[in-house]
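Okay, so here's the structure we're looking at.
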Amino acid sequence: MYGFSAQGEFTDWLGIRAEGHRAKSQIGEGQKNQLAVGFEHRWENGLSVIVELFYNGFGADSKQEYPTIFQSNDSPYLANRYAAIGMNYEFTPLWVGDLVVIQNRLNHSLLLALNATYSLADEAELVINIGLPIGKKSDPVGLGSEYGSVPKSLSFEWRWFL
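Given below as structure tokens:
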């Protein structure tokens, strides 16, 4: 396996990053590439926006390939193309909210993740996470979509830093 990573800024307004690697497939199909490219900006009002594109060479070109990809363990991602947008906003110095939307570009299913973090003390915070999948659900015949088959989730996390 070998790879690269680069990041920088364009005109002090737009952050740009790219990373990738080439690795051998575990099912004997030679080597494959994975590449992510991202753009980000933070406004003075505390809003940050990140847009990312991800190419997964281990992923499927069609939905019919999902079972093979799922069993290969080469990648936790089923498709070969993804897009994501993330937003972060500091409501107060103690309260921060995040929204992330990931789209499988092959079957257009989505995973929405909402995250609220509240600082309880210098070394402790409370986090509430909500995961909302959108897409065709699986049936006995096959996988409907990648994220449509994921259950909805709600979690509470208490972080204490020692």
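Position one of the sequence shown corresponds to residue 918 (our numbering), numbered consecutively onward. Note that beta-carbon positions come from the ideal geometry of N, C-alpha and C, so glycine has one too. Here the structure is a predicted model, which is why all the values come from computation and not from measurement.
Backbone CA spacing between residue i and residue j [nearest angstrom]
i     : j     : result
V1013 : Y1035 : 7 Å
I1047 : I967  : 19 Å
T985  : R998  : 17 Å
S1066 : D991  : 20 Å
N973  : A953  : 9 Å
Own chain residues within Cβ distance below 6 Å of residue i, not counting five before or after
i     : result
S1062 : N1024, S1026, G1052 and K1053
S1072 : N1046
Three-state class that DSSP yields for residue i in the structure shown
i     : result
T1034 : strand
S942  : coil
K980  : helix
G1061 : coil
Extent of the continuous alpha helix (DSSP H) to which residue i belongs
i    : result
S965 : Here S965 belongs to no alpha helix (DSSP H); instead the beta strand (DSSP E) covers L964 to N973.
Q924 : Note, Q924: premise wrong, no alpha helix (DSSP H); beta strand (DSSP E) at Y919 to F927.
Y983 : Y983 to S989
Close Cβ partners of residue i (< 7 Å) along its chain, the five nearest in sequence each way excluded
i     : result
L931  : F956 and H958
L1011 : Y1035 and S1036
E1042 : T1034, Y1035, S1036 and R1076
L1060 : Y983 and S1066
Whole-number beta carbon distance between residue j and residue i, since they are thought to touch under 8 Å
i     : j     : result
S942  : F971  : In fact, because the Cβ distance is near 18 Å, the residues do not count as touching under 8 Å.
R939  : G963  : Incorrect: roughly 38 Å between the Cβ atoms, too far for contact.
L1028 : Y1064 : 4 Å
Any non-hydrogen atom of the ligand NAP within 7 Å of residue i CB
i     : result
N1005 : Annotation note on the ligand NAP: not contained in the displayed structure, which lists no ligands.
N- and C-terminal bounds of the beta strand (DSSP E) containing residue i
i     : result
D1015 : W1012 to N1021
G1048 : A1041 to I1051
E957  : Q948 to R959
G1003 : R998 to T1009
Own chain residues within Cβ distance below 8 Å of residue i, not counting five before or after
i    : result
M918 : H938, R939, A940 and K941
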